[in-house]
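Just below is one structure, and these are the notes that go with it.
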Amino acid sequence: MSEIANLVDGGRIGDAVRAAHGLTPQRVRELLFASGGFMQDSGPYDEFFRRWYVTLESPYLRAEAADRFCQAYLTELADVPGAEHYGAALSTDSKRAVRDHLAREMRGRNISDWSMSPEEPLSKTQVRAWSTAADELAAVRLP
């Protein structure tokens with residue numbers, strides 16, 4: 001049994017969240033379901049995931065975590081009230097956040113500063129093209 005699964009099984013959710021800090025979403029999922037505890041009571045596993053998920057600062061990590069865990073709401077965590085709706089919303093909302101973050105970054109200094117360098121690794125035309133692409137991406141509507 002993994003430390004994270006052991007902590008969750010013991011009801012020590014905060015400690016489990018701290019133990020998961022810095023781990024990839026894939027690794028957290030592997031470790032979380034390393035025991036059969038979720039088959040007895042999936043509530044603490046759901047609580048762990050929700051508390052851990054909000055600690056992820058990067059929209060990319062949140063999207064990866066959503067991809068890794070949304071299926072758990074159809075399988076390991078299916079008995080959690082509202083599980084399927086939560087998993088579907090998690091998947092959609094995380095992708096929407098990535099879209100918004102990426103569109104902002106495509107308009108931001110991480111792109112425009114390259115056209116201001118004396119070597120001009122990106123031309124002003126390329127920066128405008130990035131900006132246009134950012135507008136198009138931001139306009140994409142997700143369900």
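Note that the sequence shown covers residues 1 to 143 in the working numbering.
Beta carbons: idealized from backbone N, C-alpha and C, even for Gly.
Here the structure is a predicted model, which is why all the values come from computation and not from measurement.
Secondary structure of residue i, DSSP reduced to three states
| i | result |
| --- | --- |
| P121 | coil |
| L7 | helix |
| A34 | coil |
| S112 | helix |
| P143 | coil |
| S131 | helix |
| L137 | helix |
Beta-carbon gap between residue i and residue j smaller than 8 Å
| i | j | result |
| --- | --- | --- |
| A138 | V98 | no |
| E76 | F49 | no |
| L61 | P25 | yes |
| L90 | C70 | yes |
Opening and closing residue of the alpha helix (DSSP H) in which residue i lies
| i | result |
| --- | --- |
| H101 | A83 to R107 |
| R18 | I13 to A20 |
C-beta neighbour in chain C for residue i, strict 8 Å
| i | result |
| --- | --- |
| D113 | No chain C appears in the structure shown, which is made up of a single protein chain. |
Checklist line | Length at least 4, wholly inside the segment 39-79: the alpha helix (DSSP H) runs in chain order | finding: The segment 39-79 contains these whole alpha helix (DSSP H) runs: 43-53 and 59-69.
How about the segment 125-141 and the segment 94-111: do they share at least three Cβ pairs that are nearer than 8 Å?
The way I'd put it, the segment 125-141 does touch the segment 94-111; three or more beta-carbon pairs between them come closer than 8 Å.
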